[in-house]
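Each remark here refers to the structure printed beneath this line.
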Amino acid sequence: MDIFEILSPLSILLCFLGVFMGIIFGTIPGMTATMAIALFLPITYTLDMVDAIALLIGLYVGGISGGLVPAILLNIPGTPSSLCTTFDGYPMTQKGEGEKALKVGITASIIGGFFSLTVLYFFAPVLASVAIKFSSVEKFLIIVFALTVIASISKGSLLGGIFSGLIGVYLSLIGMFADNNQLRLIPPGFEEELTYGFSLLPVLIGLFAIAQIFQESEEGMKASPHQTFDFKKEKKNPFTFKIFNGQIINTIRSSMIGTFIGMLPGVGGSAASISSYSQAKNFSKHPEKLGTGEPEGLIASESANNGLIGGALIPLLSLGIPGDSTTAVLVGALLLQGIQVGPLFIPTNPDLWDGIIYALIIANIVMFFLMFFSIKYMAKIIYIPKYIIYPIIIVMCVVGSYAINNGVMFDVWTLLLFGLAGYVFMKIGIQVAPFLIGFILGQQLEKYFIDSLKGSGGDLTIFFTKGPIAWMLWVLIAVSLVYAIMDNRKSKRSGDQSITPST
Amino acid sequence: MKKLFTIFLVAVLALSLAACSDTTAGSGEGSEVDVSRIRLVIGSTSTGGDTYQNADTISRYLEDPLGTNIKVDAVGAVRAFQELGKAKNDGSTVMFFHDMAYLGVEYGSIQENNKLENWTIGPVVSTNPGNAFLAKGDAPYDTMAESAEWLKNNPDETITVAIESGGVSEITFDGYYLWVKEKYGTEVSDRIKAYVTGSQEDKNQALWDGNADIINGSIGGNNEYTKDGVEDDIKMKFLGITAGKRVEGYDIPTFAEQGITVNGKEFVFDKEFFFLMPKDVEEDFASKLDKAVAEVEENPDYAKDLGKNAYITNYVPAEEAKDYLREKRATFQNIIKNAPELDKITN
Numbered sequence: 001m002d003i004f005e006i007l008s009p010l011s012i013l014l015c016f017l018g019v020f021m022g023i024i025f026g027t028i029p030g031m032t033a034t035m036a037i038a039l040f041l042p043i044t045y046t047l048d049m050v051d052a053i054a055l056l057i058g059l060y061v062g063g064i065s066g067g068l069v070p071a072i073l074l075n076i077p078g079t080p081s082s083l084c085t086t087f088d089g090y091p092m093t094q095k096g097e098g099e100k101a102l103k104v105g106i107t108a109s110i111i112g113g114f115f116s117l118t119v120l121y122f123f124a125p126v127l128a129s130v131a132i133k134f135s136s137v138e139k140f141l142i143i144v145f146a147l148t149v150i151a152s153i154s155k156g157s158l159l160g161g162i163f164s165g166l167i168g169v170y171l172s173l174i175g176m177f178a179d180n181n182q183l184r185l186i187p188p189g190f191e192e193e194l195t196y197g198f199s200l201l202p203v204l205i206g207l208f209a210i211a212q213i214f215q216e217s218e219e220g221m222k223a224s225p226h227q228t229f230d231f232k233k234e235k236k237n238p239f240t241f242k243i244f245n246g247q248i249i250n251t252i253r254s255s256m257i258g259t260f261i262g263m264l265p266g267v268g269g270s271a272a273s274i275s276s277y278s279q280a281k282n283f284s285k286h287p288e289k290l291g292t293g294e295p296e297g298l299i300a301s302e303s304a305n306n307g308l309i310g311g312a313l314i315p316l317l318s319l320g321i322p323g324d325s326t327t328a329v330l331v332g333a334l335l336l337q338g339i340q341v342g343p344l345f346i347p348t349n350p351d352l353w354d355g356i357i358y359a360l361i362i363a364n365i366v367m368f369f370l371m372f373f374s375i376k377y378m379a380k381i382i383y384i385p386k387y388i389i390y391p392i393i394i395v396m397c398v399v400g401s402y403a404i405n406n407g408v409m410f411d412v413w414t415l416l417l418f419g420l421a422g423y424v425f426m427k428i429g430i431q432v433a434p435f436l437i438g439f440i441l442g443q444q445l446e447k448y449f450i451d452s453l454k455g456s457g458g459d460l461t462i463f464f465t466k467g468p469i470a471w472m473l474w475v476l477i478a479v480s481l482v483y484a485i486m487d488n489r490k491s492k493r494s495g496d497q498s499i500t501p502s503t
Numbered sequence: 001m002k003k004l005f006t007i008f009l010v011a012v013l014a015l016s017l018a019a020c021s022d023t024t025a026g027s028g029e030g031s032e033v034d035v036s037r038i039r040l041v042i043g044s045t046s047t048g049g050d051t052y053q054n055a056d057t058i059s060r061y062l063e064d065p066l067g068t069n070i071k072v073d074a075v076g077a078v079r080a081f082q083e084l085g086k087a088k089n090d091g092s093t094v095m096f097f098h099d100m101a102y103l104g105v106e107y108g109s110i111q112e113n114n115k116l117e118n119w120t121i122g123p124v125v126s127t128n129p130g131n132a133f134l135a136k137g138d139a140p141y142d143t144m145a146e147s148a149e150w151l152k153n154n155p156d157e158t159i160t161v162a163i164e165s166g167g168v169s170e171i172t173f174d175g176y177y178l179w180v181k182e183k184y185g186t187e188v189s190d191r192i193k194a195y196v197t198g199s200q201e202d203k204n205q206a207l208w209d210g211n212a213d214i215i216n217g218s219i220g221g222n223n224e225y226t227k228d229g230v231e232d233d234i235k236m237k238f239l240g241i242t243a244g245k246r247v248e249g250y251d252i253p254t255f256a257e258q259g260i261t262v263n264g265k266e267f268v269f270d271k272e273f274f275f276l277m278p279k280d281v282e283e284d285f286a287s288k289l290d291k292a293v294a295e296v297e298e299n300p301d302y303a304k305d306l307g308k309n310a311y312i313t314n315y316v317p318a319e320e321a322k323d324y325l326r327e328k329r330a331t332f333q334n335i336i337k338n339a340p341e342l343d344k345i346t347n
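Here it is, written out as structure tokens:
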């Protein structure tokens with residue numbers, strides 16, 4: 001197989017363009033890889049299949065990778081899967097290590113991307129068969145496992161963290177219950193607006209970006225210490241690839257978690273990065289430092305969320321089942337070209353299969369070089385005075401929120417409402433990160449719980465009797481919880497309450 | 001550097017705004033309609049489903065005869081109706097959906113104020129004849145009729161059918177359920193259970209998990225799992241389609257061929273796609289759209305494009321579509337009235 005027999009110079013150019021545009025979409029809060037692909041979909045009609053897929057794969061890789069920029073530099077998770085990137089990325093920026101944090105994130109991203117790509121290429125059909133053995137019971141337990149991160153990041157206030165998480169779960173359930181089409185938990189008068197509940201991205205951006213701006217407005221927009229930091233003079237602790245020396249296991253474990261959870265249809269990328277961050281904390285030699293600006297946490301989050309790209313493509317290309325919302329749009333692109341994805345896709349479309357793999361390789365390499373060598377310019381965003389950058393951020397957030405559901409004004413109100421809520425949360429001590437994790441995972445938690453009960457005829461013991469995969473997940477949940485509780489007690493004794501990720 | 005960065009950000013922002021902006025009304029020079037861009041909202045949030053595929057195909061072919069650009073927005077049923085309710089009467093925002101537009105109102109999944117009478121009904125443009133039911137490859141029956149017979153002969157068994165509530169899959173399930181009840185009595189029909197779930201992926205997974213014995217699906221979405229060479233674990237087989245005629249190239253019997261009837265009439269359900277416009281839409285626009293659709297329907301390339309996913313052309317002019325769809329609704333209202341409540345027949 002010769003890469004240039006499959007990919008033409010045009011394919012490579014389109015892949016490059018896709019990565020570039022994807023990075024821009026990922027960088028703007030509220031714009032996502034899914035949106036980028038959906039917007040570029042009509043262009044693909046005029047292209048041949050391999051060129052089209054090269055463009056779309058570029059957008060996918062760029063869109064997922066770009067999310068780390070606002071997460072690290074501005075403390076705004078551009079996408080739900082970059083939420084955990086803010087936990088250590090932004091504190092690093094606050095310490096004047098923004099450029100280093102970005103380079104750590106980009107390197108972790110390419111490792112995660114290549115790990116999942118390798119898994120996709122060599123094991124796709126086998127792993128896809130494993131993925132469909134994960135029924136609603138196992139998927140419910142994986143979501144519970146991801147939720148254990150709440151215990152882990154609620155240091156010093158475990159009950160407070162759980163309470164915040166439960167509020168998040170509760171609010172995620174607002175809207176129509178699909179099984180019987182009944183509306184629930186909706187305040188009178190908002191039935192139309194809240195039929196589908198609050199959109200995730202406006203909630204996410206509101207709680208991080210708008211709330212922070214409200215708070216700083218109250219205090220007066222003085223320059224933060226990191227804004228006066230001079231990168232050129234930062235010689236003591238620059239980025240080197242040696243940072244990864246002690247992080248090999250963390251990187252591989254996180255890439256594996258990302259790839260694995262990414263390949264479970266419906267579970268998606270947020271759970272992948274949340275679970276991997278949780279495990280990085282549990283296995284860390286210095287768990288108390290995670291959340292204060294440790295590359296370890298950043299590596300866990302970023303290698304996992306890029307790992308999910310190859311993971312999500314596994315069930316798509318082997319079984320025709322999209323692993324997440326972005327791959328669901330890819331299915332549409334293939335179908336519109338008359339290509340049926342399904343269990344015989346790989347053997348019957350060898351050229352396209354090779355094209356996808358090559359496009360992934362090129363997209364990851366382009367992403368790395370494009371971001372790695374331009375990042376020092378991007379990092380300078382933090383020097384822009386707040387009175388200039390904040391209005392731009394607000395406009396970007398509003399545009400992103402308005403665009404996320406193809407132009408719904410209520411999503412803009414959601415952004416502002418949750419911005420205000422985030423500000424109030426800070427005042428009254430509700431922890432934003434656990435709240436968001438509850439909000440992100442709440443709907444899936446309920447869906448898989450109910451699906452499990454429907455399948456078992458209402459028998460709750462199904463969660464314990466389903467089989468060895470379920471038992472293994474229970475063990476992981478228990479270990480994760482016990483570890484988090486012990487760690488919590490230890491930090492309480494030592495009086496360290498500073499670990500809760502900053503928002 | 002700061003200035004450069006600010007300029008870059010503003011440029012990106014301007015591009016984003018341009019990309020995401022709503023449709024703009026206004027006369028396009030030389031265009032035959034009074035809008036330069038049309039926003040086509042569809043009743044599905046998926047860009048991989050049959051609604052998007054049919055909307056995308058017709059809109060690409062309509063752009064030339066209408067002299068406009070059409071953007072398909074997958075916003076979902078409730079939001080699509082909301083957008084249509086707020087839309088100007090110039091045709092700059094129109095809706096594209098299928099029979100769920102009225103079935104949803106009948107089942108209560110779509111609000112009553114969105115009933116057909118409150119909109120201007122545009123032409124019917126295409127049909128997805130592939131609305132199907134499937135079972136695992138090794139199921140002890142090969143058709144829907146045989147599944148009922150199997151239930152009758154195995155009094156300790158049940159059959160669970162995975163469907164989505166409030167739309168096409170529920171109405172076709174209801175047809176099957178009522179036929180079993182009529183032909184074999186409640187002793188057999190009481191052993192038919194519903195597994196209510198969402199997307200096609202969820203239904204497939206329900207079959208593979210063993211949570212459902214039969215699923216509602218489609219030729220386009222499920223055919224790949226029925227081919228030779230597919231592993232036994234995920235192998236499926238078609239038990240029947242609800243369309244009036246067989247789909248060319250597929251050996252799948254229709255419900256009618258299997259003798260499935262309701263109230264003595266053959267049970268046939270063709271899933272049809274059509275336009276909906278604001279109630280007070282300008283007549284000029286409505287008639288131009290209708291004429292343009294008529295022109296597109298004659299284009300063999302359009303039929304070929306639809307055929308890629310086993311969809312077929314089916315033009316019913318706007319003038320006839322109004323009565324046609326209302327009559328179709330009346331036929332199925334009777335089935336909905338007699339259908340079992342899902343709450344009572346789920347596990």
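Line by line, the protein sequences give chains X and W.
Quick note: the first sequence, position 341, residue 341 per my numbering, numbers continuous.
Quick note: the second sequence, position 257, residue 257 per my numbering, numbers continuous.
Don't be surprised by glycine CBs; every beta carbon is placed ideally from N, CA and C.
Nearest Cα to W:E146 within the set W:S165, W:V180 and W:P129: W:V180. X:I477 has its alpha-carbon roughly 14 Å from the corresponding atom of X:V137. Residue state for W:G122 is assigned as strand, using DSSP reduced to three classes. Leaving aside the five residues that flank W:Y315 on each side, the residues in its chain whose CB is nearer than 8 Å to its CB run, in chain order, P123, V124, V125, V293, A294 and E297.
Cα atoms of X:V126 and X:T259: separation of roughly 14 Å, rounded to the nearest angstrom. As summarised for the segment 117-180 of chain X, the continuous beta strand (DSSP E) elements at least 3 residues long and confined to that stretch are 175-177, given in chain order.
Judged by DSSP in its simplified three-state form, W:A74 adopts strand.
For X:I167, same chain residues with a beta-carbon under 8 Å away, outside a window of 5 residues either side, are I430, F435 and G438 in chain order.
With the criterion set as a beta carbon lying under 8 Å from some beta carbon of chain X, the members of the segment 169-198 of chain W are Y195, V196, T197 and G198, in sequence order. Within a 10 Å sphere around the beta-carbon of W:V247 sit 16 or more other beta-carbons, which makes this residue buried. DSSP places W:I110 outside both helix and strand once states are collapsed to three, so it counts as coil. Its Cα nearest to that of W:T172, the residue W:M144 stands out among W:T45, W:F97 and W:M144. Under the 8 Å criterion on CB atoms, W:N347 is classed as interfacial with respect to chain X.
Counting C-beta pairs with one atom in each stretch, the segment 302-312 of chain X and the segment 196-203 of chain W have fewer than three that are closer than 8 Å, which means they do not touch.
In terms of CA proximity to W:S218, W:T127 leads the group W:S189, W:T127 and W:D305.
Around W:D233, the beta-carbon contacts reaching into chain X at under 7 Å are S129. Taking 8 Å as the CB threshold, W:E106 stays off the interface with chain X. The three-state secondary structure of X:K285, taken from DSSP, is coil. Following the DSSP letters along the chain, one finds W:K88 in no beta strand (DSSP E), marked with neither H nor E.
Per DSSP, W:Y315 is one residue of the beta strand (DSSP E) stretching across I312 to V316.
Using a 10 angstroms sphere on the CB of W:Q333, the tally of other CB atoms stays under 16, which defines it as exposed. C-alpha of W:V78 to C-alpha of X:N181: approximately 11 Å in a straight line. A residue is called buried when at least 16 other Cβ atoms come within 10 angstroms of its Cβ; X:L185 does not meet this threshold and is exposed. Our two residues, X:I357 and X:S254, have alpha carbons roughly 21 Å apart in a direct line. Within the same chain, and ignoring the five residues on either side of X:P287 in sequence, the residues whose Cβ sits closer than 6 Å to its Cβ are K281 and D487.
For W:E149, the three-state secondary structure derived from DSSP is helix. If you check the CB distance, X:A108 and X:L298 come in under 8 Å. At least one C-beta of chain X is nearer than 8 Å to the C-beta of W:S165.
Within 9 Å of the CB of X:T414, no CB atom of chain W is found; the nearest one sits about 14 Å away. For X:M35, the closest C-alpha among the options X:Y196, X:I389 and X:Y402 is that of X:Y402. Following the DSSP letters along the chain, one finds W:V41 inside the beta strand (DSSP E) bounded by residues R37 to I42. DSSP lists W:V41 and W:L276 as the beta-bridge partner residues of W:M95.
By the 16-neighbour rule on beta-carbons within 10 angstroms, W:W119 is buried. For the 8 Å CB-CB criterion, W:A321 and W:I70 do not form a contact.
For the pair of segments examined, the segment 443-458 of chain X was found not to touch the segment 112-125 of chain X: the number of CB pairs separated by less than 8 Å stays below three. X:L316 is a Cβ neighbour of X:L330, given a cutoff of 8 Å.
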